[in-house]
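One structure is given here, and the rest of the page talks about it.
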Amino acid sequence: MEPVAVRARALPARRKSANAVFQGLCYAATALGLTALCLILGSLLYNGVGGLSLRVFTEITPGPGSQGGLLNAIVGSLIMTVLGVAVGTPIGILAGTFMAEYGRYKRITPVVRFINDILLSAPSIIIGLFVYELVVVPMGGFSALAGGAALAIIVIPVVIRTTEDMLLLVPNQLREAAASIGAPRSVIIRSVCYKAAQAGIVTGVLLAVARVSGETAPLLFTALGNLNFSLRLTSPMASLPLTINQFASSAYPEWQSLAWTGALIITAAVLLLSIVARVLVSKRSSR
Amino acid sequence: MVNIPMSAVSIGGRDLAVRRFAASDAFFRLLTRSAAYFVLTLLGGFLLTLVFGAWLALSTFGISFFTSQSWNPNPDILKFGALAPIYGTVVTSAVAMTLALPVGLGIAVFLTELCPLRLRRVIGTAIELLAGVPSIIYGMWGLFVLAPVLQNLENNYLAPAVSEIPILSTVFAGPSYGQGILTAGIILAIMVLPFIAAVSRDVFQTVPPVLKEAAFGLGATTREVVTRVVLPYSRVGVIGGAMLALGRALGETMAVTFVIGNDPKVRASLLAPGTTISSSIANEFAEAKEAMHSSALVALGLILFVITLIVLAAARLLLLRMNKQAGA
Chain A
1 MEPVAVRARA LPARRKSANA VFQGLCYAAT ALGLTALCLI LGSLLYNGVG
51 GLSLRVFTEI TPGPGSQGGL LNAIVGSLIM TVLGVAVGTP IGILAGTFMA
101 EYGRYKRITP VVRFINDILL SAPSIIIGLF VYELVVVPMG GFSALAGGAA
151 LAIIVIPVVI RTTEDMLLLV PNQLREAAAS IGAPRSVIIR SVCYKAAQAG
201 IVTGVLLAVA RVSGETAPLL FTALGNLNFS LRLTSPMASL PLTINQFASS
251 AYPEWQSLAW TGALIITAAV LLLSIVARVL VSKRSSR
Chain B
1 MVNIPMSAVS IGGRDLAVRR FAASDAFFRL LTRSAAYFVL TLLGGFLLTL
51 VFGAWLALST FGISFFTSQS WNPNPDILKF GALAPIYGTV VTSAVAMTLA
101 LPVGLGIAVF LTELCPLRLR RVIGTAIELL AGVPSIIYGM WGLFVLAPVL
151 QNLENNYLAP AVSEIPILST VFAGPSYGQG ILTAGIILAI MVLPFIAAVS
201 RDVFQTVPPV LKEAAFGLGA TTREVVTRVV LPYSRVGVIG GAMLALGRAL
251 GETMAVTFVI GNDPKVRASL LAPGTTISSS IANEFAEAKE AMHSSALVAL
301 GLILFVITLI VLAAARLLLL RMNKQAGA
């Protein structure tokens, strides 16, 4: 019986130490991940805060070696984001509505959902190529419209996903109650389901805005960027990420410092949007 | 509140109202249905335009487009081969997944098994938020902060340390310029890390607590519960999540473009500069004057799209299977 007793005593010790090592590694992984992410946000603050001043929001991007701000980039970002969201949101909501309401049990719906999930994570630079061939080439040049179109294509899958998810959460009793007083299907959807799913759909749109406002790759050869102030939708337009891209890879210290400041602004905006979206969701679920 | 227009009832009577409702209903239904079909055409449209744009390069170079690594946009030469960008894309993504997967799984285990409940939501939310930070921020940070540090480490410690070891001396051959395949892989790893951690955490949470409690009740340690109960149960989902992350890494543009070094050559050393499909397109497409040059870049895009399509489709199918299993 001796060896068994020895094993019984030895095994727990080995299992214990193996467990300790395993747990230690998990703690280390978390520490490593959080450190990396803190380092990134830290250096963003460290390098970006110094350049924050009123001038950043009131002056346009400077030529190499002189002072200036990011006004044209910020305005361009806003315009193209609004364009993209204004075009993408209705299409996304309508498609999501079809999947959750009219087509809930149709065979096409899982297919659309599958394709949509793939579009959701498709490389954004491919979307840039697509819009280049479809909009930029026929129009004969880079334009803010093309940039907005590229962003709209990114918005659509995000909005579809949340709209469908949120409409599926609406209790069927609400639909039945509306139907019982004689409301037709389209009225039920618009006046009952949309109202019930409102907070969730708004969250989806906010998340789409957050996603789109940091996108660079699809704008590289659609909106192209512009060092001057321009509001014309048919000519190249600046955007914050495009300007950051151009300035960060330049050799001029003034441009690099503006790139850090721009990076700080865009990150803060994106994080703020995601936090607002989250608060909306948690408010809704706690109600 | 249901808005039934009273005028319809009073003027034309019941029949007219019903007909009007039927018409508007059909119209709305058509509208939503066309929006849904639009999504399908979008994917087909991507493929068609890419094939159309890539046709010139693909028909000129044929199979050699995939096997040649000469990339020469000089108007007198115009020879293009995609080997170097494909190689760079695959290797940077492989490096990224090798680094990010164990760390991401570690974070997920920490969040589901080890973390005090109060911290769980805070750290979980922080990680989810960071998954939304724009990729250009990672690229910039890589260029200005990480690359100089890595250059120093690689030249002074890593390359000398492995210079006598057969295979490693080739893989980590210096000199390092800070920008290269390894730096791009590390930046990609940091980028997909929050994503892997968040997805794996969600997948781990689908494991029924009863299973874990039973194992703990038998005296299993945390490590044994994770490796023998949680991971086997959630394997399909973890693989699906990892492949989603891989899909992102393959197509990521801005984070890579800043730190890859942009040199279209296949080199054995991870410290050497290289290029990826997406960074080649990002760097050259707006300036490509020759039709053949832009067509070659679109062909690169087509290759990237097909690769990511396969990876993402496989990922989604695995996750669907996982959901079915969890629902059953």
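Chains as they are written, first to last, in this note's numbering: chain A, 1 to 287; chain B, 1 to 328. The beta carbon of each residue, even a glycine, is placed where N, CA and C say it ideally should be.
- Burial state of asparagine 283(B) is buried, judged by a 10 Å Cβ sphere holding 16 or more other Cβ atoms.
- When C-beta distances to chain A are compared with 8 Å, the residues of the stretch 229 to 254 of chain B below that value are Leu244, Gly247, Arg248, Leu250, Gly251, Glu252, Thr253 and Met254, in chain order.
- Considering only beta carbons, the part of the stretch 23 to 35 of chain A lying closer than 8 Å to chain B consists of Gln23, Leu25, Cys26, Tyr27, Ala28, Ala29, Thr30, Leu32, Gly33 and Leu34, in chain order.
- Contact annotation: in the stretch 77 to 110 of chain B, residues whose CB is within less than 8 Å of a CB in chain A are Pro102, Val103, Gly104, Leu105, Gly106, Ile107, Val109 and Phe110.
- Along the stretch 111 to 123 of chain A, going in chain order, the ones with a CB nearer than 8 Å to a CB of chain B are Val111, Val112, Phe114, Ile115, Asn116, Asp117, Ile118, Leu119, Ser121, Ala122 and Pro123.
- Taking each of Pro253(A), Ala29(A) and Ala31(A) in turn and checking the Cα distance to phenylalanine 144(B), the smallest one comes out for Pro253(A).
- DSSP places lysine 324(B) in the helix class (H, G or I) of the three-state scheme.
- Sequence-distant partners of valine 155(A) (beyond 5 residues in either direction) whose C-beta falls short of 7 Å from its own C-beta, in its chain, are Gly84, Val85, Gly88, Thr89, Gly92, Ala208 and Val212.
- The three-state reading of DSSP puts lysine 79(B) in strand, counting E and B together.
- At least one CB of chain A lies nearer than 8 Å to the CB of leucine 50(B).
- Taking a beta-carbon distance threshold of 8 Å, leucine 188(B) does not count as an interface residue toward chain A.
- When C-beta atoms of the stretch 233 to 248 of chain A are compared with those of the stretch 114 to 122 of chain B, fewer than three pairs fall below 8 Å, so the two segments do not count as touching.
- Within 9 Å of the CB of tyrosine 252(A), no CB atom of chain B is found; the nearest one sits about 14 Å away.
- For proline 184(A), the C-beta contacts it makes with chain B under 8 Å involve Phe21, Ala22, Ser24 and Asp25, in order along the chain.
- Contact of serine 43(A) with chain B by beta-carbon distance below 8 Å involves Trp141, Phe144 and Val145.
- Between leucine 94(A) and leucine 31(B), the CB-CB gap stays under 8 Å.
- For alanine 210(A), the CB contacts under 6 Å within the same chain, skipping 5 residues up- and downstream, are Val270, Leu273 and Ser274 in chain order.
- Of the candidates Asp263(B), Val18(B) and Leu99(B), the residue whose Cα lies closest to the Cα of alanine 29(A) is Leu99(B).
- Under the DSSP definition of a beta bridge, tryptophan 71(B) partners with Phe80(B).
- Here the alpha carbons of tyrosine 233(B) and valine 135(A) stand approximately 48 Å from one another.
- Taking the beta carbon of glycine 301(B) as reference, the chain A residues within 8 Å of it are Ile125, Ile126 and Leu129, listed in sequence order.
- Between the alpha carbons of arginine 267(B) and phenylalanine 229(A) lies a distance of about 43 Å.
- Residue burial is scored here from C-beta neighbours: leucine 54(A) has fewer than 16 other C-beta atoms within 10 angstroms and is therefore classed as exposed.
- According to DSSP, residue pairing for leucine 224(A) in a beta bridge involves Met237(A).
- The Cβ atoms of isoleucine 60(A) and glycine 68(A) lie closer than 8 Å to each other.
- Remark: C-beta atoms of threonine 92(B) and arginine 201(B) do not approach each other more closely than 8 Å.
- For a Cβ distance threshold of 7 Å, residue set Thr32 of chain B lies close to threonine 97(A), ordered along the chain.
- Within chain A, the residues whose beta carbon sits less than 7 Å from that of valine 133(B) are Thr267 and Val270, listed in sequence order.
- Straight-line spacing of the CA atoms in alanine 245(B) and glycine 104(B) works out to 11 Å.
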